[in-house]
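Chains as they are written, first to last, in our numbering: chain Y, 909 to 1022; chain U, 91 to 207.
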């Protein structure tokens, strides 16, 4: 069974530029999550989708971050414009359901903002 | 207050020995799940083991076991017969079954495990 796919793996941009990350969850997983992991910390949830609807985006900086999951499968996370403090690893995860289902993570995208 | 506390920033263990990584949690929910993930230098978060709050027996998965002490709100990970490939960051995480954070994984700050040959 294929795991969670993410691209790109690495991205370097200058501040005020835009960037987008892509995630393809495990087949059949209805729930998709985006996490931000700053160096030396545990991941922090940015947004959670159930199919193509947003369940929780309370920690998403909506002035610069946006995410969509239009057909309930793939998802895109965008940052516009990027700030230095956005340098982090962006992890996508998926699970069969919400509640207590195990989340499986992709390899992440390491973003460096110069 | 932190919901997940991992008090050991770094740990060393000799190859083939067992090691315990500490995790305490804070929740008022009766229904919750506790997870351990491994994160090698490559960055991917690898699921290791899960313990539900209503599970009476400690979870085990191969060389991994979870020492679940509900009254103490403790969920320590035990790795038996350490291998060089076990060197990585280890994160404890919790999902609460109800309330505003339903479904969200809350992570601790992690413990860096180094296995010495």
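Glycine included, C-beta positions come from ideal geometry on N, C-alpha and C.
Strand pairing of residue i, partner residues [DSSP]
{"i": "residue 941(Y)", "result": "956(Y) and 1001(Y)"}
{"i": "residue 155(U)", "result": "150(U) and 168(U)"}
{"i": "residue 1009(Y)", "result": "Paired residue(s): none; residue 1009(Y) is not in a bridge."}
{"i": "residue 976(Y)", "result": "984(Y)"}
{"i": "residue 110(U)", "result": "168(U)"}
{"i": "residue 913(Y)", "result": "932(Y)"}
{"i": "residue 203(U)", "result": "101(U) and 178(U)"}
{"i": "residue 970(Y)", "result": "For residue 970(Y), which the question treats as bridged, DSSP gives no partner whatsoever."}
Alpha-carbon to alpha-carbon, residue j and residue i
{"i": "residue 170(U)", "j": "residue 153(U)", "result": "5 Å"}
{"i": "residue 928(Y)", "j": "residue 914(Y)", "result": "11 Å"}
{"i": "residue 1042(Y)", "j": "residue 994(Y)", "result": "Coverage of chain Y is limited to positions 909 through 1022, which leaves residue 1042(Y) absent and any answer about it impossible."}
{"i": "residue 910(Y)", "j": "residue 1022(Y)", "result": "34 Å"}
{"i": "residue 147(U)", "j": "residue 113(U)", "result": "18 Å"}
{"i": "residue 200(U)", "j": "residue 950(Y)", "result": "6 Å"}
{"i": "residue 103(U)", "j": "residue 194(U)", "result": "32 Å"}
{"i": "residue 942(Y)", "j": "residue 985(Y)", "result": "8 Å"}
{"i": "residue 1020(Y)", "j": "residue 921(Y)", "result": "6 Å"}
{"i": "residue 992(Y)", "j": "residue 952(Y)", "result": "17 Å"}
{"i": "residue 127(U)", "j": "residue 177(U)", "result": "13 Å"}
{"i": "residue 190(U)", "j": "residue 207(U)", "result": "With a pLDDT of 43 at residue 190(U), under the threshold of 50, the modelled position of that residue is not reliable, and the figure given next carries that caveat. If I take the Cα positions, the gap works out to 45 Å."}
{"i": "residue 988(Y)", "j": "residue 968(Y)", "result": "13 Å"}
{"i": "residue 133(U)", "j": "residue 119(U)", "result": "31 Å"}
{"i": "residue 932(Y)", "j": "residue 971(Y)", "result": "25 Å"}
{"i": "residue 990(Y)", "j": "residue 925(Y)", "result": "6 Å"}
Span of the beta strand (DSSP E) around residue i
{"i": "residue 1020(Y)", "result": "1017 to 1021"}
{"i": "residue 144(U)", "result": "Careful: residue 144(U) lies outside any beta strand (DSSP E) and carries neither H nor E."}
{"i": "residue 87(U)", "result": "The structure shown has nothing for residue 87(U), since chain U only spans 91 to 207."}
{"i": "residue 964(Y)", "result": "961 to 964"}
Supposed contact pair residue j and residue i - C-beta distance, whole angstroms, cut 8 Å
{"i": "residue 163(U)", "j": "residue 115(U)", "result": "5 Å"}
{"i": "residue 205(U)", "j": "residue 105(U)", "result": "6 Å"}
{"i": "residue 934(Y)", "j": "residue 1012(Y)", "result": "6 Å"}
{"i": "residue 149(U)", "j": "residue 136(U)", "result": "No, residue 149(U) and residue 136(U) are not in contact; Cβ-Cβ is about 16 Å, not under 8 Å."}
{"i": "residue 98(U)", "j": "residue 124(U)", "result": "No, residue 98(U) and residue 124(U) are not in contact; Cβ-Cβ is about 17 Å, not under 8 Å."}
{"i": "residue 197(U)", "j": "residue 94(U)", "result": "6 Å"}
For residue i, the nearest candidate out of the options (CA to CA)
{"i": "residue 936(Y)", "options": "979(Y), 920(Y), 947(Y) and 953(Y)", "result": "979(Y)"}
{"i": "residue 977(Y)", "options": "988(Y), 970(Y) and 930(Y)", "result": "930(Y)"}
{"i": "residue 122(U)", "options": "186(U), 203(U), 207(U) and 202(U)", "result": "186(U)"}
{"i": "residue 166(U)", "options": "101(U), 173(U) and 111(U)", "result": "111(U)"}
{"i": "residue 101(U)", "options": "151(U), 134(U) and 179(U)", "result": "179(U)"}
{"i": "residue 1002(Y)", "options": "981(Y), 964(Y), 948(Y) and 916(Y)", "result": "981(Y)"}
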